[in-house]
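Protein chains in written order, with the working numbering: chain U, 1 to 373; chain R, 374 to 945.
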């Protein structure tokens, strides 16, 4: 009790000293636990958001946790135990929807919580459609796309430029790597089976459509390595285990640009996906106040643009796009490496969250049974 | 197992236990109760002494007992419970579950939709409908978005009546009208007191007194009163607001319409302004434009006319379900009873078989590799064997992920082993061996990881076998093989038994290694359990799969005890 009181007293003091018009602010906690994915991505968040924030608020200390890939399960367990130890969690949009459905993430009002764009556009319009759930605070747009080796002898100089080259074993022989789940793979299979882009989900809803997708995947099944971690495909490409593989575009960027491997990107039919923050439901008032303060700062136009200095993921705000600059260490222009760059985004595919929320359990069971056969 | 001379009944000298029995015997002989020196019945004094002694013993083992209960028994019990628990449907849709009691199939009638409308309004206000949607979506695809979509619309249900009531008299817009109708007079007083205090003192932050209904109002308004009570509760607890300031939900007006239609003389129960208001309304409702709740739902989403949705709600309405266990056995619970899962979705049977088979293979590989090593270790001079033992233990101190990944480097097609084979010329460059991302890779990597668990018990058992036995056998004319097989090996069997149990039970629950090197044909049932725990959040199914795995291990353990005998297991 005594400790909390002293803590609150100090917070109040710093607030009074640091902020003009601090009247409307409640006391804020000084510690924050932020959960993210680890690796280069977490580093980019640390450098672009947390460090500048702590410079402004020296009393704050941030603890990083690298549990985002099991965040959904852990949040549920914390909720059942009645002890939420995380303040802010970075998750992909589909997980955010699931957490929101389960009542584990807090719903928020974009115009109240998020900063407006520099030109005065309200946050809700600046983020636009990317706010796919009432709990989801978008941060970046990334895409799942293919990388291929440029030194495959059997290809005789041909280079894949079409998503369907993934299914073309004649012109592009060799092992492929695909993710060990139905999402994205089913869509690509149908696209290459002649289904128009707009009809993919309608077709996939039917049993015949699902059979078609599996039949298409069957054609490359024994030439495929199935990955479950984002780092697998870059490793397999670098080792020459596979000649072509899907993964997140940021991973391929570091493989190609930072590690200088003979690999190129195949942007055709890249599937856009979103990653962002959720605030766990059930934080105390002080912790919530701190998180809100941090979020307001960390999702403003400049901060989102800054993140692109460290990693090749597109900022989720429209107003951030023109501010994307050079890579902090390599000094190369980042815009051409963004999935949202017009040169790369000639043929893109948008992941349908609501549809997958319905079909994920069912198709995953089928997909795993198909894999195990 | 227990030594016959040290049991509690064999302690010589007086103990409360023995004394109790003596007292019993004495009592049987004598006519009345035997008394102690202080005049109290002997049995009671003895009982007290015995109880104290037992309590003392219990206190001594309490820390361990509590530890085992909390960390071991409780989680297992929780898992077993989760695999059948299914309260969410009946908790979220209580009225619908009752309305569906006689449902036999097809599209249900208006009363069922009305019950659902009430349940869903409350659930949507509490934001519980999406949870239920995800739960039922495990059973029938599409229910998740059905609940989400209708949850967004459902607060409009009954708006037709809200508008008509409000057109009739503006008083129906006032929260105070409803408070006057339904709240207990004592509550109104308490609330006013509270409001006055809150007005006077800015720092006063006690919550508003909890709302409760007036006596007898439920008989007058059988539909509206419970609905309004629920509304007031939700407003107070969830929104931290007051029913005196919030207009009721549209569904409350719908129920009000129903009550007025059913009982036009409702106003008789009241007097004053409210009575006039009510009697006017009772006259007017006869001419109200009506609405159909069923149509409302079908307009929101036509899937509400799908019998499969209703069948699923009905099939999963009991508080306990066998659905998860059926799903684990590739069966499914449907409105028409238990059916086999579609062929393209049957997976768990295959995975259970595979898990058991591969764990056996791994266990036997461990015996084959571990036995000679343990033999060598136990027969070498101590200094050399200590160094070798460190080599055995070294992988133990290395991260599991590092060990598994290094197998990848060795086994992959562009890996070290294939490179060497191609270099020697044993395989051609185009036909490199596939040794990873399949069963072979899993078996190799897991045998390596689990090998120490076989070697260590073997080693400690072999250490205790005196070398003189083998020498004696040989001096009596046995060949090397006979001496080993007839004399040495039987004595090392307890070590094999211990190693087998350790390796097998660890292997059966492994999931990181199969996930990394198992590809599609080398994954275990535990990979699916992990998926349901962390990705699909279907904890019930994960618990059912886990319970089955636990049962399988127990059955195998029992079989092992029958065949080999558990007394034949020794860790040294």
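Every residue, glycine too, gets a C-beta built ideally from N, C-alpha and C.
{"Query": "With H, G and I counted as helix, E and B as strand and the rest as coil, what does DSSP make of residue 224 of chain U?", "Result": "strand"}
{"Query": "Between residue 617 of chain R and residue 691 of chain R, is the Cβ-Cβ spacing less than 7 Å?", "Result": "no"}
{"Query": "Rank R/742, R/587, R/700 and R/625 by C-alpha distance to the C-alpha of residue 546 of chain R and give the top, closest one.", "Result": "R/625"}
{"Query": "Give me whichever residues DSSP pairs with residue 105 of chain U in a beta bridge.", "Result": "U/280"}
{"Query": "Start and end of the beta strand (DSSP E) containing residue 91 of chain U?", "Result": "88-92"}
{"Query": "Does the beta-carbon of residue 262 of chain U have 16 or more other beta-carbons within 10 angstroms, so that it is buried, or is it exposed?", "Result": "exposed"}
{"Query": "Taking 7 Å as the threshold (C-beta atoms), are residue 623 of chain R and residue 535 of chain R in contact?", "Result": "yes"}
{"Query": "Report the three-state DSSP secondary structure of residue 543 of chain R (helix, strand or coil).", "Result": "helix"}
{"Query": "Nearest by alpha-carbon distance to residue 487 of chain R: which of R/470, R/539 and R/653 is it?", "Result": "R/470"}
{"Query": "Taking beta-carbon pairs under 7 Å, can you tell me which members of the region 60-91 of chain U lie near chain R?", "Result": "70, 72, 73 and 76"}
{"Query": "Do residue 375 of chain U and residue 143 of chain U have their CB atoms nearer than 7 Å?", "Result": "The shown model of chain U, from 1 to 373, leaves out residue 375 of chain U, and the question about it has no answer."}
{"Query": "At least one CB of chain U closer than 7 Å to the CB of residue 456 of chain R: is that the case?", "Result": "no"}
{"Query": "Is residue 353 of chain U close to chain R, meaning its C-beta is less than 7 Å from at least one C-beta of that chain?", "Result": "no"}
{"Query": "At 7 Å on the CB atoms, spell out the chain R contacts of residue 371 of chain U, in chain order.", "Result": "893"}
{"Query": "How many Å lie between residue 518 of chain R and residue 502 of chain R at the Cα?", "Result": "10 Å"}
{"Query": "From the DSSP secondary-structure annotation, give me the bridge partner or partners of residue 788 of chain R.", "Result": "DSSP output for residue 788 of chain R lists no bridge partner at all."}
{"Query": "Closer than 6 Å by C-beta to residue 228 of chain U: which residues in its own chain qualify, once you throw out the five before and the five after it? Chain order, please.", "Result": "180"}
{"Query": "Beta carbons nearer than 7 Å to chain R: which residues of the region 213-241 of chain U have them?", "Result": "225, 226, 228, 239, 240 and 241"}
{"Query": "Which ranges would you report for the alpha helix (DSSP H) in the region 747-828 of chain R if only whole runs of at least 4 residues count?", "Result": "755-766, 773-784 and 789-797"}
{"Query": "Determine the DSSP secondary structure at residue 473 of chain R, reduced to helix, strand or coil.", "Result": "coil"}
{"Query": "Return no unless some Cβ of chain R is closer than 7 Å to the Cβ of residue 366 of chain U.", "Result": "yes"}
{"Query": "Could you tell me whether the Cβ of residue 375 of chain R comes closer than 7 Å to any Cβ of chain U?", "Result": "Any reading at residue 375 of chain R needs caution, since the residue's pLDDT is 42, under 50, leaving its predicted position unreliable; the model's value is listed next. No, because no Cβ of chain U sits closer than 7 Å to the Cβ of residue 375 of chain R."}
{"Query": "Less than 7 Å separating the beta-carbons of residue 902 of chain R and residue 917 of chain R?", "Result": "no"}
{"Query": "Under 7 Å between C-beta atoms, does residue 273 of chain U make it to chain R?", "Result": "no"}
{"Query": "With a threshold of 7 Å on Cβ separation, who are the neighbours of residue 871 of chain R within its own chain once the five nearest residues in sequence on each side are excluded?", "Result": "830, 942, 943 and 944"}
{"Query": "Using only CA atoms, which one of R/689, R/815, R/728 and R/717 lies nearest to residue 784 of chain R?", "Result": "R/815"}
{"Query": "Please go through the region 843-922 of chain R and give each complete alpha helix (DSSP H) segment of 4 or more residues, from N-terminal end onward.", "Result": "862-881, 885-890 and 898-907"}
{"Query": "Check whether the Cβ of residue 357 of chain U lies closer than 7 Å to any Cβ atom in chain R.", "Result": "yes"}
{"Query": "What's the gap between the Cα of residue 948 of chain R and the Cα of residue 460 of chain R?", "Result": "One cannot answer for residue 948 of chain R here, as it falls past the ends of chain R, which runs 374 to 945."}
{"Query": "Got a sec? Which residues, its chain only, sit under 6 Å from residue 351 of chain U by beta carbon, not counting five neighbours each side?", "Result": "271 and 273"}
{"Query": "From what residue to what residue does the alpha helix (DSSP H) around residue 683 of chain R run?", "Result": "680-688"}
{"Query": "Which of helix, strand or coil does DSSP assign to residue 142 of chain U?", "Result": "strand"}
{"Query": "Considering only the beta carbon of each residue, do residue 320 of chain U and residue 253 of chain U sit closer than 7 Å?", "Result": "no"}
{"Query": "Using the C-alpha atoms, what's the distance from residue 326 of chain U back to residue 669 of chain R?", "Result": "55 Å"}
{"Query": "If you check the beta carbons only, do residue 225 of chain U and residue 302 of chain U fall under 7 Å apart?", "Result": "no"}
{"Query": "Mapping DSSP to helix, strand and coil, what is residue 377 of chain U?", "Result": "Residue 377 of chain U cannot be examined here, being either before or after the span of chain U that is shown, 1 to 373."}
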